[in-house]
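For reference, the structure is listed below as structure tokens.
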Amino acid sequence: MNQAKEAIIIVVDQIDYILSQIETEDYRRQLPEFDGHSIGQHFRHILEFFQCLGNGMGEGVIDYASRERNMLYEDSPSITASAFRDFIQALDKQDIDSAMKVKAEYGCDERPDYHSSLSRELLFVYDHAIHHLAIIRIGLTCHFSYVNMHRDLGVSPSTIKSRLMSS
-9 MNQAKEAIII VVDQIDYILS QIETEDYRRQ LPEFDGHSIG QHFRHILEFF QCLGNGMGEG
51 VIDYASRERN MLYEDSPSIT ASAFRDFIQA LDKQDIDSAM KVKAEYGCDE RPDYHSSLSR
111 ELLFVYDHAI HHLAIIRIGL TCHFSYVNMH RDLGVSPSTI KSRLMSS
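Residues in the sequence shown are numbered consecutively from -9, following this note's numbering.
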């Protein structure tokens, strides 16, 4: 299996592990560390980047600005987990070397397209997920210690390697 696909599966497994444990009420709770946002909002945000990529896999054009912002993913850990698993199933059928275009959003009227590939965009959504999982980890640690997490949740592979080399 391709390394990019493997990395995405590992992250989704970590996400699924958290979503299977967190109480719905806690998933929705607004946290002061998140400026009043919830863990559910962060998971929705991660998921919708995956979904934009999933939509782009079929069309050949990815538009990360066209996120649905579906509140259901902010409210239901089980529905969110199911949507992440749907992405993994769709990804399994894709050629990792597929050429794609990414529609840019700079806040102006013009939205240029840039050449990319599925493997490059998997790296992007992977890095984006790691970043948000680091934030989610803070919320879980501060407020919901009953949720078990993978020890490397929200830590980039380069940091993990660096830690291993220095120990």
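Positions of the beta carbon are idealized from the N, C-alpha and C atoms, including for glycine. Source: prediction; values computed, not measured.
- C-alpha of A(-6) to C-alpha of H118: approximately 14 Å in a straight line.
- A direct Cα-Cα distance of roughly 21 Å separates C98 from R59.
- Per DSSP, the continuous alpha helix (DSSP H) segment holding M47 begins and ends at I29 to E49.
- M155 sits in a helix when the DSSP states are folded into three classes.
- Cβ contact annotation for I(-1) (same chain, cutoff 7 Å, sequence separation greater than five): I78, in chain order.
- Of the residues assessed, M155 falls on the exposed side of the cut-off, its CB having fewer than 16 other CB atoms within 10 angstroms.
- Burial check for G50: the Cβ neighbour count within 10 Å stays below 16, so the residue is exposed.
- If you check the CB distance, Q20 and S10 do not come in under 8 Å.
- Counted as a single uninterrupted DSSP element, the alpha helix (DSSP H) harbouring D6 occupies residues Q(-7) to L9.
- Burial state of L62 is exposed, judged by a 10 Å Cβ sphere holding fewer than 16 other Cβ atoms.
- In the three-state reduction of the DSSP assignment, L123 falls in the helix class, which pools H, G and I.
- With fewer than three CB-CB distances shorter than 8 Å, the stretch 66 to 73 does not count as touching the stretch 103 to 121.
- Put simply, the backbone Cα of F134 is about 9 Å away from that of E13.
- For S148, the three-state secondary structure derived from DSSP is helix.
- Note that the stretch 134 to 146 does not touch the stretch 30 to 42; fewer than 3 beta-carbon pairs, one per stretch, sit closer than 8 Å.
- When DSSP states are grouped into helix, strand and coil, Q79 belongs to the helix group.
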